[in-house]
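For reference, the structure is listed below as structure tokens.
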Amino acid sequence: MDHDHQELPSDPALRVMALESLLVEKGLVDPAALDALIDTYEHKIGPRNGARVVARAWVDPEFKKRLLADGGSAISELGYASQGREHLVVAENTPGRHNLVVCTLCSCYPWPVLGLPPVWYKSAPYRSRAVIDPRGVLREFGLEIGEDVEIRVWDSTSEMRYLVLPERPAGSEGLSEDELAALVTRDAMIGTAKVTLAGSAR
Ligand code: FE
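According to my numbering, the stretch in the sequence shown is residues 17 to 218, in order.
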């Protein structure tokens, strides 16, 4: 699969670290404030966008159809704009198929709907093993997928980003769209968890 990163500088991580240490050294930023900002985008703001998209798809079949046909234009209906030229593909979990998202070469991630990727998503073991042994990786996340369920792994690139549309949990029929969104976790939208009525820490 084409993995085109030509729009990035040669080593963006190194440049960011150099910039950060310079800013901290000059007393222009507080490293704790930076950590808090990153944490916010990784855990709070980012994934809440995706959760609203999922909840809307659960309650509005016409929106779901549009979302599965063209993820990028459907999320823009909710005010989430994809930047640049990447396409957003939404992969729907069903009783017979579970979807899992990875970027085997680096850390491509659907950031308009999920924010910043978690550290484990960028780690070498996840990136290599998600493709070779997805069932084993999911088991380590505490997710047992039955042998009768197909696991489909989506390898992201700078041009194609993937969002998992999890199954709506049984027993959630009476919940409002906002209440449903509150159940949807970041990991459920990467495919390393399911959505449950109890929600989860992930
Ligand atoms: Fe990547």
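For every residue, glycine included, the Cβ atom is placed at its ideal position computed from N, Cα and C.
Between the alpha carbons of P111 and V180 lies a gap of roughly 14 angstroms.
With a cutoff of 7 angstroms, S172 counts as near the ligand FE, since its C-beta is closer than that to a heavy atom of the ligand.
Not one heavy atom of the ligand FE lies closer than 7 angstroms to the C-beta of L132. Around A67, the same chain offers A197, V200 as residues with beta carbons nearer than 7 angstroms, after the five sequence neighbours per side are excluded.
The beta carbon of G207 sits closer than 6 angstroms to the beta carbons of N115, L116, V117, V180 from its chain, once the five residues preceding and following it are set aside; these are given in chain order. Here M205 really is in contact with L130; their C-beta atoms are around 6 angstroms apart, less than 8 angstroms.
For A97, there is no enclosing alpha helix (DSSP H), as DSSP gives it neither H nor E. Taking C-beta atoms as the reference points, R202 and R168 fail to come closer than 8 angstroms. Relative to the ligand FE, L121 has its C-beta within less than 7 angstroms of a heavy atom.
Cβ contact annotation for I54 (same chain, cutoff 8 angstroms, sequence separation greater than five): L132, in chain order. Rounded to whole angstroms, G87 and P63 show a C-alpha spacing of 16 angstroms.
DSSP places A214 in the coil class of the three-state scheme, outside both helix and strand.
Annotation: I148 to E156 spans about 14 angstroms, alpha carbon to alpha carbon. The continuous beta strand (DSSP E) containing R113 extends over residues 113-118. I161 carries a coil assignment under DSSP once its states are collapsed to helix, strand and coil.
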